[in-house]
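Have a look at the structure below before the remarks.
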Amino acid sequence: MNARFLGACLLLLAAGLPQVVPAGAGAPHATLLFTSPARADTAQVAVARHDGEDLPPPGTRSLFDHHVARLGALPYPFAALIDSFRPFDRWNSGSVSLLVPDGRSLRRAEADFRQPRALVAAQVDAPFAPFEIEPFYSGRLFLGFVEAADEIEVISYNEAAGRFEYQLVENYCSGCVPRIVYAKRVVCLTCHHAGAPIFSSRPWAETNANIAVAREIAAAREVAWLQAGATRYQGVTLSTQLLTPETFDELTVLGAEIPVVQKIWIEACGADGLACRRSILAQALGLVMDPGAFHPQSEASERTRALQRRHWPRGGVRIPENLLPSRDPIADRSVIDRLVQDIRVRFARWRLQLAGETSASHDSARKLSFFNQTTHLPPELDPRTLRPPRATLQADSLYAVHGVARLFTPADRRRLREWSNDDTARVEQLVRSGALDELLGPAPVSRVPVLQKVAQLLGQEVPEYCCLDTGGFSPPRMENTPPLAIPAGSVLETFQRYCFACHRGNPVQRLNFMGAATAQAVLEEIRAKPEIRDVLDYARYENSEKEGTLMPPRNSEQRAALDAARRTGGDDIRRMRDAVPAMFGF
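The number in my numbering is simply the position in the sequence shown, starting from 1, with 581 added.
Rendered as structure tokens:
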């Protein structure tokens, strides 16, 4: 055993620690992650439009951006972000969460059993609201947080663009100024081949649903095993039942279905496939309203099949495999293997430190380099390995009908039935008559415009929707955006400490009034907001009925820091107020 260990160490040191997957093994080396995503056969899996662009198409944003905009600010800590989905869920749950200490993400080397990666999938069953359409979260918003990296990875659906967006929340840590940025898609699509969420398959042995993994997490966090189910890390219990990853699995499958549905809707129906899309939508709305009446051999179903055959791709439409083979980080690795992996991680971190960097760097190239120096996965378990499709659909499939129906929520079923007095045929006929044709072009299908148009045609009040309009949004930012350079001694250092977390990088433009690119421009933005003096007027409003208007918000980390500074005689409030002109100029 000692000889094996010595040999492994010598091999690692001789190779400089990078993991090179043999060319014939099928998994590309991590240094190839910036190459064209065409390697993943994107002709079969791309989502119609703009799929290669990092930023969302103009006029569109991710569901995560809209969620943060609804809240007004990004919640911190991570447990608060998990809880932010609760108010929108009628069961007061809002999410499914897991811990993965030794997984396969780009940040896998920074997670361990003491600080495992926290995975969250939004699961929201919104209550019915007659005059407002609720966002559809389930299967459309996923988070992965690694505390040691100070970074959240975000995958969320872009309703208007019909694609999933890949984002990062950088600098997500106590006392830091977080930045919400869009990631390089080519990096993400190297593992997320279908442009959709991925997850492990049953029995999900990487997660804390595996008793052995949960026990080791509890031991590393010095928690008694009997308390593991009640103790939380980042808002997630240290141990959980198999139902949790099973539900997470179902949500990822639901999300992975959407790109396939959009592909059929746009490409398999053809550029002139209006009749095809009419037929699919009519059947889908009928299925939403009355699932028991749907019949796959009905005249309507045969009509849909006939229309699909006109433009269906000759090789069929592939359903990409979004589930990875299960991997047990404990049972599948010997003590020696785990020790060798630990040496690889420690050596890679040492090399980064010598270069003046950290493993938590947010630069893409450094993250990829660190991943490449520490990863050791056989090709069959490596998420970069191209996976064969789960199935190939032919023109007689009604996959698109079922998929479009699943774009609608149970609350949508209720409103469609109320609007039409339970007349399913009436709604189907509206679609077949061409009354919705303006929404049925070769572009992504979206539930909200369809519902609003149906309401209008049925003489109902058109319900509002929070999360499509981007007129009041700040411009999206890309990964690796340089941080603001603040001169030493500038009052901006104080604003950064107490205000930037909410007012720099906020998706809502009206709240992003410290979001300029240069220090001088930020100062000009601050001077253009005389209201700042009022919300910092502690001498006047503290202990009064207007105390709630004081900023930073009560119970925030920034407020606690400001109060602590005030108790020691600090003049931070005066400095910030002096930087802003008086409301009336006297």
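Built from N, CA and C at the ideal position, the CB exists for glycine as well.
The structure displayed is predicted, hence computed values, not measured ones.
With 16 other Cβ atoms within 10 Å as the buried cut-off, status of residue i
i     : result
P1056 : exposed
H1084 : buried
R1155 : exposed
L823  : exposed
A621  : Note that A621 scores 31 on pLDDT, short of 50, meaning its location in the model is unreliable; the coordinates nonetheless yield the value given after this. Label assigned to A621: buried.
V1161 : buried
L1131 : buried
I1113 : buried
M1059 : exposed
A790  : buried
D1159 : exposed
S978  : buried
R1178 : No information on residue 1178 is available, as it lies outside the stretch 582 to 1167 that the chain covers here.
Q1037 : exposed
A606  : The pLDDT assigned to A606 is 37, lower than 50, so where the model puts this residue is not dependable, and the model offers no usable value.
Q878  : exposed
G1096 : buried
D1144 : exposed
L562  : Residue 562 is absent from the structure shown; the chain starts at 582 and stops at 1167.
G719  : In the sequence as displayed, the identity of residue 719 is Ser instead of Gly. Buried, by the Cβ-count rule.
P872  : exposed
Between the CA atoms of residue j and residue i - distance to the nearest angstrom
i     : j     : result
N673  : R1147 : 38 Å
G653  : Q1090 : 11 Å
V842  : L835  : 11 Å
Q1077 : V758  : 7 Å
A809  : R995  : 41 Å
N1061 : N1093 : 19 Å
E1019 : H983  : 22 Å
A1163 : A1102 : 19 Å
T966  : A775  : 13 Å
L905  : I714  : 35 Å
M641  : L724  : It should be pointed out that residue 641 corresponds to Thr in this sequence rather than to Met. Approximately 20 Å between the Cα atoms of the pair.
A793  : E787  : 10 Å
V649  : V762  : 13 Å
E1128 : P1134 : 10 Å
T821  : S1001 : 44 Å
A1016 : F669  : 32 Å
L958  : S686  : 12 Å
R688  : S643  : 22 Å
P1064 : Y753  : 14 Å
R698  : V727  : 5 Å
S561  : A801  : Given that the chain is displayed from residue 582 to residue 1167, the structure contains no residue 561 and the question cannot be resolved.
A887  : W893  : 10 Å
L722  : G1022 : 26 Å
Y1079 : T1149 : 16 Å
A883  : F989  : Here the sequence assigns Glu to residue 883, which means Ala is not the residue at that position. Each residue's alpha carbon lies about 23 Å from the other.
A1082 : L636  : 22 Å
I861  : G743  : 17 Å
I798  : W785  : 16 Å
D1153 : A986  : 55 Å
E751  : R895  : 44 Å
I847  : V1026 : 9 Å
I1067 : A1100 : 6 Å
S781  : A981  : 25 Å
P960  : V804  : 35 Å
Supposed contact pair residue j and residue i - C-beta distance, whole angstroms, cut 8 Å
i     : j     : result
F659  : G816  : 6 Å
V701  : I736  : In fact, because the Cβ distance is near 11 Å, the residues do not count as touching under 8 Å.
T1075 : M1157 : 6 Å
A692  : P682  : 6 Å
L832  : V677  : 7 Å
F712  : E1042 : 6 Å
F709  : A1098 : Contact flag wrong, Cβ pair sits at about 44 Å.
F745  : A777  : 6 Å
Boundaries of the alpha helix (DSSP H) in which residue i is found, first to last residue
i     : result
A729  : Where A729 is concerned, there is no enclosing alpha helix (DSSP H), given that its DSSP letter is neither H nor E.
A992  : 991-1001
Q878  : Unbroken run through Q878: none, as it is neither H nor E.
A1148 : The displayed chain sequence assigns Arg, not Ala, to residue 1148. Segment 1138-1148, the alpha helix (DSSP H) holding R1148.
V1103 : 1100-1108
N-terminal and C-terminal residue of the beta strand (DSSP E) that residue i is part of
i    : result
F659 : No beta strand (DSSP E) contains F659, which is instead part of the alpha helix (DSSP H) from 659-664.
R858 : Taken as a continuous stretch (DSSP letters only), R858 belongs to no beta strand (DSSP E), being part of the alpha helix (DSSP H) at 855-870.
E751 : 744-751
L679 : 675-681
Q704 : 698-704
R899 : 898-900
T973 : 972-974
R760 : 760-763
Exercise. Are the segment 844-860 and the segment 722-736 in contact at 8 Å, needing three or more beta carbon pairs?
Worked result: Because the criterion of three Cβ pairs below 8 Å is not met, the segment 844-860 and the segment 722-736 do not touch.
Problem set entry | Cβ contact check for the segment 967-974 and the segment 1003-1021: 3 or more pairs under 8 Å | no
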